[in-house]
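Each residue of the sequence shown is one higher than the one before, starting from 1 at the first, in this note's numbering.
Glycine included, every Cβ here is placed at the ideal spot set by N, Cα and C.
A quick write-up on the structure given underneath.
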Amino acid sequence: MKDATPQTIYLSDYKPFGYIVEAVELTFRLHPTQTRVISKIKFSPNPDAKDGEFFLHGENMTLISAKINGADISPEISAEGLRANAPNDPFVWESEVEISPETNTALEGLYMSNGMYCTQCEAEGFRKITYYPDRPDVMSVFTVRIESDLPVLLSNGNPVKMDNGVAEWHDPWPKPAYLFALVAGELVNYSGDFTTMSGKKVDLNIWVREADLGKCAFGLEALKRSMKWDEDVYGREYDLDVFNIVAVDDFNMGAMENKGLNIFNSSCVLASPETSTDANFERIEAIIAHEYFHNWTGNRITCRDWFQLCLKEGLTVFRDQSFTGDMRSHAVKRIDDAIMLRARQFREDQGPLAHPVRPESFVEINNFYTVTVYEKGAEVIGMLKRLVGDEAYKKALDLYFDRHDGEAATIEDWIKVFEDSTGRDLSQFKLWYSQAGTPHVHVSDSFEDGTYALTLRQVHKPSPGQDTKKPMVIPVAVGLLSPNGDEIVPTTVLELTEEEQTFTFDGLGAKPIPSVLRDFSAPVVLHIDQSDKDREFLLAHDTDAFNKWEAGRTLARNTLIDMITNNAEPNADFLAALESAIKDESLEPAFRALLLGLPSVDDLAQTLAGAGETPDPWEIHAERDRLKRAIAEHCNDTLADLYFAHQVQGEYSPDAVSSGKRSLTNAALAYITLVDGGQTAQRQFAAANNMTQELAALSALITIGMGEEELTDFHHRWQNDRLVMDKWFSLQTALAAPEDASGIARRLTEHAAFDWKNPNRFRSLFGGLTSNTAGFHNPDGSGYALLADWLIKLDAINPQTTARMTTAFDTWKRYDAERQAQMRGELERILGTENLSRDTYEMVSRMLK
Ligand code: 0A1
Ligand code: ZN
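Written out as structure tokens, the structure reads:
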């Protein structure tokens, strides 16, 4: 193994660092292979620490000199850092190290991307820049000097000096090293400003290469909307003179919230109508908001240790979701989030990688930036808010900011704030942070003498390392409808705290139709025996948008499962109910587009596996296709009407209303294409003046095995635009027919534009393939083998992205013996690779356990 023997780190072993860092001064002499980093750090003994050992993290660097209080020392150096004898009084540490950004392909620490210097320090990248106590509970004030001939030199905080070849930055807010950032390059800025609620003007910049200047306007406006929203909704004001965003082409994740200097994967900030889809615009707005919101939830209040990651991520995701809901549509956003959570987080919870929202141990922290920590972490905040109510939530947050500003906090601190401000005992609620797995809630009901009784029972399945679990607090939002469609009991939150509980509603004239788990009030799997008739009723009458959609989705899922397991015909009542719902002009178009979506192949495989069956992705794919065709034929005229009636005319705008209409017409187009031989899609492709229309048409064509000419044309027009070319790669692997997908993917790896070292390009090709569930699970094993070959190759240069992409195999135990054997074989082959990274080692060995 390349890394030292993997060591497991435990939450229970937390100990504060022996020293306080009073101030940090860093000088960077930039050079592609011989960058010098000179540090001067004031330390003083930490009175709260028992252990006074002076250990500084440091990896992949050459120590040139080290001094304590001006005297040269010779510290003991290992692969992880250095140890020295330090005084028991305040002292000054000075060191000079040499690092090589150009050969840093892991994209952690200081590295180069297309001639530009940039950094990524979360979680533990700062230790690749200089010797330092690289842990989030060590916070300090940083002053940074950058020496380079490059024209733009950026770091955190406010600019102090900008002379020829030298820039100085000072960040007055104490921060952990993971929030440090530096950027240097030939960049230009798209700028604007924002006046904060106390009247302070902040300069805003998005730094890009000249060719991308035309793709910054939307991001800047999104930033201003985020700043305003955080003031209006959370009372949080920005706290520096400048806010800089930089777009970087080579980046392992989406973006990073470095104090005052957010660094973005260019795919998450650059946008233009010609090159970006509506979905891209919405995502960019959300990520800009997310990173900006971290300024308070993450930066001003950070995490004591990495086990507390959900403290900043769960809360910040919850905040960005609320923001998107406010900017666009709450109903549509909630449904989108639930689809995503079920597809990815429920999948994680069901498999060998399941872990609590706050894990208790890890080998490589980068492997825990997961949907569980982020998205389930956000669900936990949403449940807390639902349980205490909006007012109490606001009060608790004010207290959180007051009490913990400037601190590195824990989940215990977070819970305490709610307990202190509401007087509620939240010890049982806290189980959401420690128990892994998706709870199941079973519902039964009865009606007698005007009293309706709902019985809820919670069931918890074992997950790795957790065989038995305790009952949790589950907020189940419920409404009751009378048989004539009136809502007789508006949304009420039932608090399920015991294994089984019955809730009653008195004085009812007839047995109501229950609408349970409204707004997806808890991240659980709901089991409720409702007839198709009741679901059709809810699809037509439910006042809760989520459950209205859910009723349609369950009907679709039920008919699909029946088609898969019993070779049944598509349910005619479902087709009729769907048709009347999508015709309903009182429903927003984006919502109707969601009604037209079907559960994915992976989702259906998850459902079948959950019911103890062995799913066959090819069969699921075929039956899903059959249902799609049945919908297309049954709703033929309605789909055509919708397609023409909701076309957006005039100049493109990514606003919620226009993009909602496009999502409806494009959902219709996908069905229309199944029956019209591709004519409508070809026409749309030829006429498109924006990427949303262009890509939707192209996708519809590829799905029916056409689009060859259009793909060539697309390539020809967009070959010089990296982000659009990513779409070109992913479309082909994601939409290929099951039997063709791995062959197409393999051929694309030979394409001249397949720059595999660029994470976006690698992800677009292979992420496309693995999202194509049937294509990836080709029974001949070719999808598995291809992915494993490339993961082994990528691991040698970029462990982080490799490790994340191994999760494509995390469902291996779901499938038939042959597929299982093939996947296990590939996992074992990866694990047996010489010099495998710690990241990939941990992921693969967890999957094989
Ligand atoms: N904190 C960032 C995400 C992020 C995490 C890790 C990274 O490198 C390992 C990079 C970015 C966020 O939540 O947006
Ligand atoms: Zn985040």
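Any heavy atom of ligand 2 inside 7 angstroms of the beta-carbon of residue i?
i      : result
Glu313 : yes
Thr372 : no
Glu257 : yes
Thr316 : yes
His170 : no
Just grab the DSSP bridge partners of residue i for me.
i      : result
Thr302 : Ala408
Val242 : Asp203
Val441 : Gln458, Leu526
Asn158 : His170
Phe346 : DSSP, once it has assigned bridges, lists no residue as partnering Phe346.
His294 : DSSP lists no partner for His294.
Pro514 : Leu480
Leu30  : Leu30 is not bridged to any residue.
Lys67  : Asp72, Glu94
Pro475 : Glu495
Span of the beta strand (DSSP E) holding residue i?
i      : result
Gln458 : 451-459
Lys175 : 166-175
Cys310 : Taken as a continuous stretch (DSSP letters only), Cys310 belongs to no beta strand (DSSP E), being part of the alpha helix (DSSP H) at 309-327.
Ser44  : 35-45
Phe766 : Per DSSP, Phe766 belongs to no beta strand (DSSP E); it is in the alpha helix (DSSP H), 759-771.
Asn189 : 188-195
Is any non-hydrogen atom of ligand 1 found closer than 7 angstroms to the C-beta of residue i, if you look at the structure I gave you?
i      : result
His31  : no
Met227 : no
Asn690 : no
Ala545 : no
Tyr369 : yes
Arg656 : It should be pointed out that residue 656 corresponds to Ala in this sequence rather than to Arg. Because no heavy atom of ligand 1 lies under 7 angstroms away, the Cβ of Ala656 does not count as near it: no.
Gln345 : no
His290 : yes
Ala123 : yes
Roughly how many angstroms lie between the CA atoms of residue i and residue j, to the nearest whole one?
i      : j      : result
Leu496 : Val357 : 20 angstroms
Glu291 : Cys118 : 17 angstroms
Val188 : Ile301 : 32 angstroms
Met162 : Arg518 : 55 angstroms
Asp402 : Pro471 : 33 angstroms
Thr277 : Gly185 : 29 angstroms
Ser267 : Gln732 : 19 angstroms
Ala686 : Ala572 : 36 angstroms
Lys2   : Thr802 : With a pLDDT of only 47 at Lys2, under the threshold of 50, the placement of this residue in the model should not be trusted, and no figure is reported.
Gln34  : Ser74  : 22 angstroms
Met112 : Gln120 : 11 angstroms
Val141 : Thr703 : 54 angstroms
Arg283 : Ala785 : 32 angstroms
Thr143 : Ala378 : 34 angstroms
Leu150 : Arg722 : 24 angstroms
Met253 : Pro799 : 13 angstroms
Leu765 : Ser771 : 10 angstroms
Glu708 : His715 : 11 angstroms
Leu701 : Leu481 : 43 angstroms
Gly406 : Leu698 : 50 angstroms
Leu794 : Lys628 : 37 angstroms
What residues in its chain sit with their C-beta under 7 angstroms from that of residue i, if we drop five residues either side in the sequence?
i      : result
Ile900 : This structure gives no information on residue 900, because the portion of the chain shown stretches from 1 to 849.
Ala343 : Ser600, Asp602, Asp603
Asp51  : Lys15, Gly18
Lys430 : Ile415
Arg819 : His777, Pro779
Glu499 : Arg457, Gln458, Pro471
Leu353 : Thr807, Asp810, Arg846, Met847
What residue does the alpha helix (DSSP H) around residue i start on, and which one ends it?
i      : result
Arg553 : 545-566
Phe574 : 572-583
Tyr671 : 656-676
Ser699 : 691-703
Ile381 : 377-388
Starting from the C-beta of residue i, find all residues in its chain whose C-beta is less than 6 angstroms away, skip the five residues before and the five after it, and write them out in chain order.
i      : result
Thr773 : Val601, Asp602, Pro617
Leu695 : Thr277
Ala556 : Leu598
CB of residue i to nearest heavy atom of ligand 3: below 7 angstroms?
i      : result
His294 : Summarising the ligand content, the structure contains ligand 1 and ligand 2 and does not contain ligand 3.
Short of 8 angstroms in beta carbon distance, which residues of its chain neighbour residue i, apart from the five on each side in sequence? Order them along the chain.
i     : result
Ala49 : Lys15, Pro16, Phe17, Gly18, Tyr19
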